[in-house]
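Participant: Starting off with a structure, shown below.
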Amino acid sequence: MRLPINRRHLLLGSTGLALTAAACGTPNRPLPPAPTGPFRHGVASGEPDQSSVVLWTAVSEDGGGELTWQVAADADFTDIVWEATEQRQYIRMNPVSTYKAVATGLDPDRWYFYRALHNGEPSPVGRTRTLPVQPRDRFNIAFCSCSNYPAGYFNAYREMANTDDLDLVLHLGDYIYEYGQGGYATEDAEDLGRVPSPLHECVSYTDYAARHAQYKSDPDLQAAHAAAPWFITWDDHEVANDTWSDGAENHDDGEGEWATRRSEALRAFHDWNPTREPDDLIGGLKTVEIAGLATIALTESRHTARTEQLTFDSFPIAYDAEDTPENRALVAEWLRDVVGDPSREMLGMAQIEAIASAFRTSRENGTPWQVLGGQVLLGKLNMPNYVQALPGWLKWIVRNREPLAWEYVLRSRFDSPFSFDSWDGYPAERERLYAAVLEATDGMIALAGDTHNFWTCALATEAGRPVGYEFGTTSISSPSEFEGIPAPGVHFGRITEAANAEILHHEPYRRGFIRLSLTPGSVEADYVEVSTVKRTGYDAGIDSRWRVTRGEGGLELEAL
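So this is what it looks like as structure tokens:
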């Protein structure tokens, strides 16, 4: 996602006046000792269906030999239901090797325990679950995004691992970040002992593999992976910021061919995660069927069809132009003809048709909920008029100390989208998506990540027809662009809500994830927040709670 100023720096963060997030007085939680032996990166499972699941681990100081996978009905492995062994021989010892297997022939809707043994030495034990084939009374999902290792501790992952009755985790992208030390969100990395590895920006397979290995060394991430199976989708930072189908904002000719960089980054992604690998490494739409409860369509929104993002370089008037009817007409024309160009795509029509087909079949089968798992925000989000909304003293600070931010503030007078990397940069295709969804069902629930903020949105077509509701999760640890603004008493979330009809809730200051509880009659969303990511001790709480039900007129939302 492209921030209004620069993704590598927080808005106003260079003023030196940024406020530090409070740790709520919680004591540091002692970190577990660094693991030794061959399994220093934990274990993980992913992409379950009704009879199989992908298992993953890595072996450190791998000189080869025998690796055996075991899946059991009990944590003591007295009842082993699936086992597989492979042999590897190496000319020289590898610092680390990754292993994956697909455990098959499993019973549906059942918890299993799994582990690996390398030359007889056992790994940590993970827990996984197959998907149901019969209706369930309740199914619990945690979804998250934007886990940034140097930005802070993964306390939200620890809280996720401690969540009772968690059936599945959906990671909606930015599982890693590509930046090197000195880049985005690394200001506290040395103090936290979380300097990125390698130190430079990732551009090669070796770089991306090393970055994934560093993330997988985190004990909180390991705990979350071991607690439940995951579906992991990517957004942009698994390769480079603001990725589109033929490039990225954070890629230039000095970093080699884009196709090579992308291929090597995605190869590392699959090597280091429990995924079912498509032949081209990219794949497309993934559909998750929770029998009797939900059909979840997980999109690919970066590499298949996305048109390059617009920037404010194409804005039709100067940022400090007078607010006149003539200038407003020029901006309206630009929004209609440039931003609204029908040729601009994010998913592509083939993927939209696949979403509609999956949702249509879901409704025909009597499945109550159709869920779209995306990466970027669907809800319409224009910049509030900050010239009117901000107090004079804050505008004085911005005008005198942050000229780039002041340009943004002045441009906000003209009702421009907040971000061109979100669906607001692709409004014509958003309308095509909505039309396809409404042809297939009477409304959907959308999930989004990317923004490092919590959101609740009421989705509607340009003509005002309701499409459903969107729950947007904040980040695991990446900072919000609003955190660094020295504005006590100014709540940017309330300003956003007042200026945007579709934005029902905007919380810009919290880290965490969203916990979904699916039942035949409702979908409940708990916005779980952690008090800090700058210490290993934290408190957890609930930012807000929401419930979607189906009424006579379609989907209905209430705050709990």
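For the sequence shown, the numbering used here assigns the number 24 to the initial residue and increments by one for each residue that follows.
The beta carbon of each residue, even a glycine, is placed where N, CA and C say it ideally should be.
These figures come from a predicted structure and were not determined experimentally.
(1) Inspect the beta-carbon positions of Leu580 and Ala481 and report whether they are closer than 8 Å.
(2) Nearest-angstrom Cα distance between Thr519 and Leu353?
(3) Just the Cα atoms here: how many angstroms apart are Leu470 and Gln237?
(4) Measure the C-alpha to C-alpha separation of Phe595 and Leu321 and round it to an integer number of angstroms.
(5) Which same chain residues end up closer than 6 Å to Ala46 when comparing Cβ atoms and leaving out the 5 residues on each side of it in sequence?
(6) Helix or strand or just coil, what does DSSP make of Gly277?
(7) Please classify Asn350: does DSSP put it in a helix, a strand, or coil?
(8) Do Pro531 and Asn476 come within 8 Å of each other at the CB atom, strictly closer than that value?
(9) Please list, in chain order, all residues of the same chain as Gln393 whose beta carbon is under 6 Å from its beta carbon, the five residues on each side excluded.
(10) So, for Ser74: in the same chain, excluding its five sequence neighbours on each side, which residues have a beta-carbon less than 7 Å away from its beta-carbon?
(11) What distance in whole Å lies between the Cβ atoms of Ile499 and Arg534, which are believed to be in contact at a cut-off of 8 Å?
(12) Give every residue of the same chain whose Cβ lies closer than 8 Å to the Cβ of Asn163, excluding the five residues on either side of it in the sequence, and list them in chain order.
(13) Confirm, please, whether the CB-CB distance from Asn523 to Asn408 is below 8 Å.
(14) Could you check whether the segment 202-211 touches the segment 146-160, counting it as contact only if at least three pairs of C-beta atoms, one from each stretch, sit closer than 8 Å?
(15) Go through the segment 301-377 residue by residue and report every complete run of the alpha helix (DSSP H) that reaches 4 residues or more, in order.
(16) Could you give the DSSP three-state label for Tyr207: helix, strand or coil?
(17) Express the C-alpha separation of Phe515 and Gly48 in angstroms, rounding to a whole number.
(18) Are the CB atoms of Phe536 and Ala165 within a distance shorter than 8 Å?
(19) Taking one C-beta from the segment 211-228 and one from the segment 286-293 each time, how about it: are there three or more such pairs within less than 8 Å?
(20) For Gly196, I'd like the list of residues in its chain whose CB is within less than 8 Å of its CB, leaving aside the five on either flank, ordered along the chain.
(21) Report the CB separation of Ala184 from Ala246 in whole angstroms; it is logged as a contact under 8 Å.
(22) Whole angstroms are fine: how far does the CA of Pro502 sit from the CA of Tyr176?
(23) Tell me whether Phe443 sits in a helix, a strand or coil according to DSSP, three-state version.
(24) Taking DSSP as the reference, what is the three-state secondary structure of Glu506?
(25) Taking the CB atoms as reference points, tell me whether Glu368 and Arg329 lie closer together than 8 Å.
(26) Can you give me the Cβ contacts of Arg422 inside the same chain, cut-off strictly under 7 Å, excluding the 5 residues immediately before and after it?
(27) Below 8 Å CB to CB, which residues in the same chain sit around Ile375 once its five sequence neighbours on both sides are set aside?
(28) Going by the CB atoms, is the gap between Arg325 and Thr390 shorter than 8 Å?
(29) Assuming the contact rule is C-beta atoms closer than 8 Å, Ala96 and Tyr135 should be a hit. Round their C-beta distance to whole Å, please.
(30) Take Trp105 as the anchor and find which of Arg138, Ile114, Gly560, Arg284 has the nearest alpha-carbon.
(31) Compare the beta carbon distance of Pro527 and Gly396 with 8 Å and say whether it is the shorter of the two.
(32) For His141, which residues in the same chain have their Cβ closer than 6 Å to its Cβ, ignoring the five residues on either side in sequence?
Facilitator: Reading from the atomic positions:
(1) Your numbering for residue 580 matches position 557 in the sequence shown. Your numbering for residue 481 matches position 458 in the sequence shown. Closer than 8 Å, so yes.
(2) If you number the sequence shown from 1, residue 519 lands on position 496. If you number the sequence shown from 1, residue 353 lands on position 330. Their backbone Cα atoms lie some 24 Å apart in a straight line.
(3) Here residue 470 is taken as the residue at index 447 of the sequence shown, counted from 1. Here residue 237 is taken as the residue at index 214 of the sequence shown, counted from 1. Their backbone Cα atoms lie some 28 Å apart in a straight line.
(4) The structure shown does not extend to residue 595, since the chain is modelled only from 24 to 583, so the question has no answer here.
(5) The sequence position of residue 46 within the sequence shown is 23, counting from 1. Any reading at Ala46 needs caution, since the residue's pLDDT is 35, under 50, leaving its predicted position unreliable; the model's value is listed next. So the qualifying residues of the chain are Thr555, Arg558.
(6) To locate residue 277, count along the sequence shown from 1; it is residue 254. Helix at Gly277.
(7) Within the sequence shown, residue 350 is the residue found at index 327, counting from 1. Correct three-state label for Asn350: helix.
(8) Here residue 476 is taken as the residue at index 453 of the sequence shown, counted from 1. Here residue 531 is taken as the residue at index 508 of the sequence shown, counted from 1. Against a cut-off of 8 Å, the Cβ pair of Pro531 and Asn476 comes out as a contact.
(9) Start at 1 with the first residue of the sequence shown, and residue 393 comes out as number 370. Counting only Cβ-Cβ distances below 6 Å, and skipping sequence neighbours, we find Thr318, Phe382, Ser385, Thr464, Met467.
(10) If you number the sequence shown from 1, residue 74 lands on position 51. Within the same chain, Ser74 has close Cβ partners Thr127, Gly128, Leu129, Pro131, Thr153.
(11) Counted from its first residue, the sequence shown places residue 534 at position 511. Counted from its first residue, the sequence shown places residue 499 at position 476. Yes, they are in contact, since the Cβ atoms of Arg534 and Ile499 sit about 7 Å apart, within 8 Å.
(12) Residue mapping note: residue 163 aligns to position 140 of the sequence shown, counting from 1. Excluding residues within five positions, the ones whose Cβ falls inside 8 Å are Thr186, Asp188, Leu189, Asp190, Leu191, Arg538, Leu539, Ser540, Leu541.
(13) For the purposes of this step, residue 408 is taken as residue 385 along the sequence shown, with counting starting at 1. For the purposes of this step, residue 523 is taken as residue 500 along the sequence shown, with counting starting at 1. In this structure, Asn523 does not lie closer than 8 Å to Asn408 by Cβ.
(14) no
(15) 348-357
(16) Here residue 207 is taken as the residue at index 184 of the sequence shown, counted from 1. Residue state, collapsed to three classes: coil.
(17) In the sequence shown, counting from the first residue as 1, residue 48 sits at position 25. In the sequence shown, counting from the first residue as 1, residue 515 sits at position 492. Residue confidence is low: Gly48 scores 41 on pLDDT, short of 50, so the model does not pin down where it sits. No coordinate-derived value is stated.
(18) Numbered from 1 along the sequence shown, position 142 holds the residue referred to as residue 165. Numbered from 1 along the sequence shown, position 513 holds the residue referred to as residue 536. Their beta carbons are under 8 Å apart, which means Ala165 touches Phe536 by this criterion.
(19) yes
(20) As a first step, residue 196 is located in the sequence shown; it is residue number 173 there, counting from the start. Correct list, in chain order: Ser168, Cys169, Thr256, Trp257, Asp258, Asp259, His260, Glu261, Gln398, Gly472, Asp473.
(21) Reading the sequence shown from its first residue, position 161 is the one you call residue 184. Reading the sequence shown from its first residue, position 223 is the one you call residue 246. Right, their Cβ atoms sit about 4 Å apart.
(22) Taking the sequence shown and counting its residues from 1, one reaches residue 176 at position 153. Taking the sequence shown and counting its residues from 1, one reaches residue 502 at position 479. Near 12 Å, if we compare the C-alpha coordinates of Pro502 and Tyr176.
(23) Translated into the one-based positions of the sequence shown, residue 443 becomes position 420. Coil, per DSSP.
(24) The residue you call residue 506 lines up with position 483 of the sequence shown. Glu506 falls in the coil class under three-state DSSP.
(25) On the sequence shown, position 345 is the one that residue 368 refers to. On the sequence shown, position 306 is the one that residue 329 refers to. Against a cut-off of 8 Å, the Cβ pair of Arg329 and Glu368 comes out as a contact.
(26) On the sequence shown, position 399 is the one that residue 422 refers to. Closer than 7 Å at the Cβ level, and outside the excluded window around Arg422, lie Trp429.
(27) Sequence index remark: in the sequence shown, residue 375 carries index 352 (1-based). Hits under 8 Å: Glu452, Arg455, Leu456, Ala459.
(28) Here residue 390 is taken as the residue at index 367 of the sequence shown, counted from 1. Here residue 325 is taken as the residue at index 302 of the sequence shown, counted from 1. No, Cβ-Cβ distance for Thr390 and Arg325 is not below 8 Å.
(29) Taking the first residue of the sequence shown as 1, we reach residue 96 at position 73. Taking the first residue of the sequence shown as 1, we reach residue 135 at position 112. Going by Cβ atoms, the distance from Ala96 to Tyr135 rounds to 7 Å, so yes, they are a contact pair.
(30) Counted from its first residue, the sequence shown places residue 105 at position 82. Closest by alpha carbon: Arg138.
(31) Locating residue 527 in the sequence shown gives position 504, where the first residue counts as 1. Locating residue 396 in the sequence shown gives position 373, where the first residue counts as 1. The amino acid occupying residue 527 in the given sequence is Leu; Pro does not appear at that position. Cβ distance not < 8 Å, so Leu527 and Gly396 don't count as in contact.
(32) As a working note, residue 141 is residue 118 in the sequence shown. Once the five neighbours on either side are set aside, the close Cβ partners of His141 are Pro61, Val82, Leu90.
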